[in-house]
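> First to last, the sequence lines map onto chains A and B.
For the first sequence, our numbering assigns the number 74 to the initial residue and increments by one for each residue that follows.
For the second sequence, our numbering assigns the number 15 to the initial residue and increments by one for each residue that follows.
All residues carry an ideal CB built from backbone N, CA and C; glycine is no exception.
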Amino acid sequence: MRKLVSYIVLIILCLFVLGPFIWMLATSVKPSYEIFSTHLQLFPSHWMFSNYVKAWKSAPFGRYFLNSFIVAATQTVFSLFFGSLAAFAFARFRFPGRQLLFVLLLITMMVPGEILLIPNYITIARLHWLSTYQALIVPWLVSVFTIFLMRQYFISLPQELFEAADLDGCSIMRVLFRILLPLTRPIWITAGLISFTASWNGFLWVLVVTNNPNIYTLPVGLINFSTDVGTAYNQLMAATAFSVVPLIILFLLGQRYFIQGIARSGLR
Amino acid sequence: MLVPTFLVTGVFVFYPIVNSFIISFFNWNMLSPVKRFVGLQNYWQIFHDPLFLVALRNTLFYAVCYVPVVLALGLIAALALNQRIRGSAGFRTILIVPYVTSIAGSGVIWQWIFEPNGVLNALLRYVGIPPQNWLNDPHWTLFNIIVMGVWQQLGYVSIIYLSGLQAISKEYYEAASVDGARSWHMFRHITWPLLTPSTYFLLILTSINALGIFLQVYVLYGQSAGPNNSAMTLVYYMYMNGFSNYRMGYASAAAYVFFFLVLIITLIQLLYSRRVNYDS
Chain A
74 MRKLVSYIVL IILCLFVLGP FIWMLATSVK PSYEIFSTHL QLFPSHWMFS NYVKAWKSAP
134 FGRYFLNSFI VAATQTVFSL FFGSLAAFAF ARFRFPGRQL LFVLLLITMM VPGEILLIPN
194 YITIARLHWL STYQALIVPW LVSVFTIFLM RQYFISLPQE LFEAADLDGC SIMRVLFRIL
254 LPLTRPIWIT AGLISFTASW NGFLWVLVVT NNPNIYTLPV GLINFSTDVG TAYNQLMAAT
314 AFSVVPLIIL FLLGQRYFIQ GIARSGLR
Chain B
15 MLVPTFLVTG VFVFYPIVNS FIISFFNWNM LSPVKRFVGL QNYWQIFHDP LFLVALRNTL
75 FYAVCYVPVV LALGLIAALA LNQRIRGSAG FRTILIVPYV TSIAGSGVIW QWIFEPNGVL
135 NALLRYVGIP PQNWLNDPHW TLFNIIVMGV WQQLGYVSII YLSGLQAISK EYYEAASVDG
195 ARSWHMFRHI TWPLLTPSTY FLLILTSINA LGIFLQVYVL YGQSAGPNNS AMTLVYYMYM
255 NGFSNYRMGY ASAAAYVFFF LVLIITLIQL LYSRRVNYDS
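Pasting the structure below:
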């Protein structure tokens, strides 16, 4: 009985969650004269896959994809590198002010990002970085969440491991990449996937610091396209589909890591 | 090893927090080199601007409505997922998909659903309800952004709740069922009290998110603040003054008003959660 209720609840919630995506896909393959039809129709009379080609050609989506990829990949690599260094220092070394510095970082996670928007915009403008890749990448090279996630994981490792490494006279980089990385691979994947997703989906900052389509990432490119396209909702939904589906696939492939990362965010 | 971390957070987190506070006492339009010190005038003006009061009211009203709805639905989903039914992992995966979908994509999808000729009205027509002008009728504004917000965050909330539920020892339930407790009593006296840490975490997190609402509005209403400014929010107000009017001092003051509001609400919740934990 309780299981039956659970099934019903979950099916209703999943329909609510998936409905909009299904409707997006359905619209994206309809011919123009069917998108506004008053009676509900899930499948088109003609499958218009050409909507995807049209949408792709009517805005520089290739460029947007490339930009999104460059920005997200760079941020992910650096946030893992810098994050693991900082996490290692916080987990392994005792130095004066360690606690204070860590708390300081944790506090930044509580600061709503919106209040940084204006002063950071001013900084970027002063550096003459508006509409450049630096503007999109540099402010996000460090992720406090990654540091926090990795520190927790590093602390749980046995102390002997590091002592053995010290005896062998390994350098910090060697310890980090030869010993720690292979042992803690899941947390690197988790942190990496979360940074990549956050960066790929980032919208507000890109909107504020770019006004050149050559620098737009996918989300800003998509919104721009949505204002240009008018009522060609089939093309708009096709563009939305190819903008959001790659990340959904990435999520499905790495969902175990994603869900662990999300669950860990509740452990602060 | 900490140098890169504190270099980047120093320049793009700590410095701006201070800088923004300083700028909020100046009149500065960014284009001119002149910054005029005006003291508290920006703050005074903000609190006397009817549009700001609209933004404040809309934001608080949204937070008060949205937070309980998303927590309740997330908890219900988590309780159902925790029943160890077949396909539970699949359901969990589906629920989280909107969370990894960009806000831009989500906004465009929902805009299409809420269209006068969109699927929502078509569905309503089937059950005999007249079509609504979802996006142009200010009465529906709050409903629209709540639906979209819940849709996005439901999976996140349910995963946090689910990990909270899984941390509760089975022994409590076994002892209770020996005593003949019914499931509602088990929920009321075991599950809900032991979930308190998850609830407080989510309460604080979703409140901060709800008070910062801006992008949902921006994408759903095609870069406007909705009909009759019905979707004007605090962050929208800040954004508008900063990036449409280039009044950087004024916008920074608005940002700080928003920051203090978030801080006060977070502190109240933290203090209250501490008291509750001592009581139990």
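Got a sec, what are the start and stop residues for the alpha helix (DSSP H) B/Met252 sits in?
On the second sequence, residue 252 of chain B is found 238 positions in, with the first residue counted as 1. Element bounds for B/Met252: 248-253.
> Using a Cβ-based criterion (distance less than 7 Å to any ligand heavy atom), does B/Leu156 qualify as near the ligand HEM?
In terms of ligand content, the structure shown is empty, and the ligand HEM therefore cannot be addressed.
> Below 9 Å on C-beta distance, what does A/Lys127 contact in chain B?
Position 54 of the first sequence, counted from the start, is the residue given in the question as residue 127 of chain A. Under the 9 Å cutoff, chain B gives no residues; its nearest Cβ is about 16 Å from A/Lys127.
> Is there a Cβ of chain A sitting closer than 8 Å to that of B/Thr23, yes or no?
Translated into positions along the second sequence, residue 23 of chain B becomes position 9. Yes, contact with chain A.
> According to the neighbour-count rule (16 or more other Cβ atoms, all chains shown, within 10 Å of its Cβ), is B/Lys184 buried or exposed?
For the purposes of this step, residue 184 of chain B is taken as the residue at position 170 of the second sequence. By the 10 Å Cβ count, B/Lys184 comes out exposed.
> Per the DSSP calculation, B/Arg100 is bridged to which residue(s)?
Counting from 1 along the second sequence, the entry for residue 100 of chain B is found at position 86. B/Arg100 is not bridged to any residue.
> Strictly under 8 Å for the Cβ-Cβ distance: is B/Asn41 near chain A by that measure?
Against the second sequence, residue 41 of chain B aligns to sequence position 27. No, B/Asn41 does not count as interfacial toward chain A.
> Within its chain, find whatever has a CB closer than 6 Å to the CB of B/Asp293; leave out the 5 residues flanking it on each side and keep chain order.
Your numbering for residue 293 of chain B matches position 279 in the second sequence. A caution first: B/Asp293 carries a pLDDT of 48, below 50, which makes its placement in the model unreliable, though a value can still be read off. None.
> Which residues in the same chain have their Cβ closer than 6 Å to the Cβ of B/Gly121, if we skip the five residues on either side of it in sequence?
Counting from one through the second sequence, the residue named residue 121 of chain B turns up at place 107. Taken in chain order, the residues that qualify are Val233, Leu234.
> Can you look up B/Asn150 in the DSSP assignment and give me helix, strand or coil?
Within the second sequence, numbered from 1, the residue matching residue 150 of chain B stands at position 136. Here B/Asn150 sits in coil by DSSP.
> From B/Gly263, B/Leu134, B/Ala268, pick the residue whose C-alpha is nearest to that of B/Lys49; which is it?
Looking up residue 49 of chain B in the second sequence gives position 35. Checking every option, the nearest Cα to that of B/Lys49 belongs to B/Gly263.
> When you compare the CB of A/Phe324 with every CB in chain B, is at least one pair closer than 8 Å?
Within the first sequence, the letter at position 251 stands for residue 324 of chain A. True, the Cβ-Cβ gap to chain B drops below 8 Å.
> How many angstroms separate the CA atom of A/Phe227 from the CA atom of A/Phe168?
As a working mapping, residue 227 of chain A is identified with position 154 in the first sequence. As a working mapping, residue 168 of chain A is identified with position 95 in the first sequence. The alpha-carbon atoms of A/Phe227 and A/Phe168 are separated by roughly 17 Å.
> Which same chain residues, not among the five before or five after B/Ala298, have their C-beta less than 7 Å away from its C-beta?
Any question about residue 298 of chain B goes unanswered here, given that chain B covers just 15 to 294.
> Quick one: grab the DSSP three-state call for A/Arg329.
Translated into positions along the first sequence, residue 329 of chain A becomes position 256. Here A/Arg329 sits in helix by DSSP.
> At what residues does the alpha helix (DSSP H) containing A/Thr100 begin and finish?
Translated into positions along the first sequence, residue 100 of chain A becomes position 27. Unbroken alpha helix (DSSP H) run through A/Thr100: 75-101.
> Could you check whether A/Val215 and A/Ser152 sit closer than 8 Å to each other, using their CB atoms as the reference points?
Taking the first sequence and counting its residues from 1, one reaches residue 152 of chain A at position 79. Taking the first sequence and counting its residues from 1, one reaches residue 215 of chain A at position 142. Yes, the Cβ-Cβ distance between A/Ser152 and A/Val215 is below 8 Å.
> If contacts are defined as beta-carbon pairs under 8 Å, then B/Ile159 and B/Tyr76 qualify, I think. What distance do you get, rounded to the angstrom?
Stepping through the second sequence from its first residue, residue 159 of chain B is reached at position 145. Stepping through the second sequence from its first residue, residue 76 of chain B is reached at position 62. Indeed, because the Cβ distance is near 7 Å, the residues count as touching under 8 Å.
> DSSP beta-bridge partners for B/Asn41?
On the second sequence, residue 41 of chain B is found 27 positions in, with the first residue counted as 1. DSSP, once it has assigned bridges, lists B/Arg50 as partnering B/Asn41.
> Within 10 Å of its beta-carbon, does B/Gln230 have 16 or more other beta-carbons around it, so buried, or fewer, so exposed?
Counting from one through the second sequence, the residue named residue 230 of chain B turns up at place 216. The residue is buried, with at least 16 neighbouring Cβ atoms inside 10 Å.
> Could you give the C-beta distance for A/Thr270 and B/Val32, rounded to a whole number, given that I count them as a contact under 8 Å?
Taking the first residue of the first sequence as 1, we reach residue 270 of chain A at position 197. Taking the first residue of the second sequence as 1, we reach residue 32 of chain B at position 18. Contact between A/Thr270 and B/Val32 is absent: CB atoms are separated by about 30 Å, not below the 8 Å threshold.
> For B/Val296, count neighbouring C-beta atoms within 10 Å of its own C-beta (all shown protein chains included) and say buried if the count is 16 or more, exposed if not.
Nothing about residue 296 of chain B can be reported from this structure: the residues present for chain B run from 15 to 294 only.
> From the DSSP output, in three-state form, read off A/Arg341 for me.
Translated into positions along the first sequence, residue 341 of chain A becomes position 268. The predicted model places A/Arg341 with a pLDDT of 46, which falls under 50 and marks its position as unreliable; any figure quoted below should be read in that light. Correct three-state label for A/Arg341: coil.
> Of all the CB atoms in chain A, is at least one closer than 8 Å to the CB of B/Asn131?
Taking the second sequence and counting its residues from 1, one reaches residue 131 of chain B at position 117. Answer yes: the Cβ-Cβ gap between B/Asn131 and chain A drops below 8 Å somewhere.
> Just the chain A side, please: which residues come within less than 7 Å of B/Ile127 by C-beta, in chain order?
Residue mapping note: residue 127 of chain B aligns to position 113 of the second sequence, counting from 1. The contacting residues are Pro93, Trp96.
> Beta-carbon within less than 8 Å of B/Gly236's beta-carbon, same chain only, minus the 5 sequence neighbours each way: which residues are those?
Here residue 236 of chain B refers to the residue found at position 222 when the second sequence is read from its first residue. Once the five neighbours on either side are set aside, the close Cβ partners of B/Gly236 are Gln125.
> Would you say A/Ile262 and A/Gly156 are within 8 Å of each other, going by their C-beta atoms?
Numbered from 1 along the first sequence, position 189 holds the residue referred to as residue 262 of chain A. Numbered from 1 along the first sequence, position 83 holds the residue referred to as residue 156 of chain A. In this structure, A/Gly156 does not lie closer than 8 Å to A/Ile262 by Cβ.
> Reducing DSSP to helix, strand and coil, say where B/Gly24 ends up.
Within the second sequence, the letter at position 10 stands for residue 24 of chain B. Of the three classes helix, strand and coil, the one that applies to B/Gly24 here is helix, per DSSP.
> Closer than 9 Å by beta-carbon distance: list the chain B residues that pair up with A/Phe142, in chain order.
Within the first sequence, numbered from 1, the residue matching residue 142 of chain A stands at position 69. What A/Phe142 touches in chain B: nothing, since even the nearest Cβ is about 14 Å away.
> What in chain B is Cβ-close to A/Ile270, meaning under 7 Å?
If you number the first sequence from 1, residue 270 of chain A lands on position 197. According to the sequence as given, residue 270 of chain A is Thr; it is not Ile. Under the 7 Å cutoff, chain B gives Val114.
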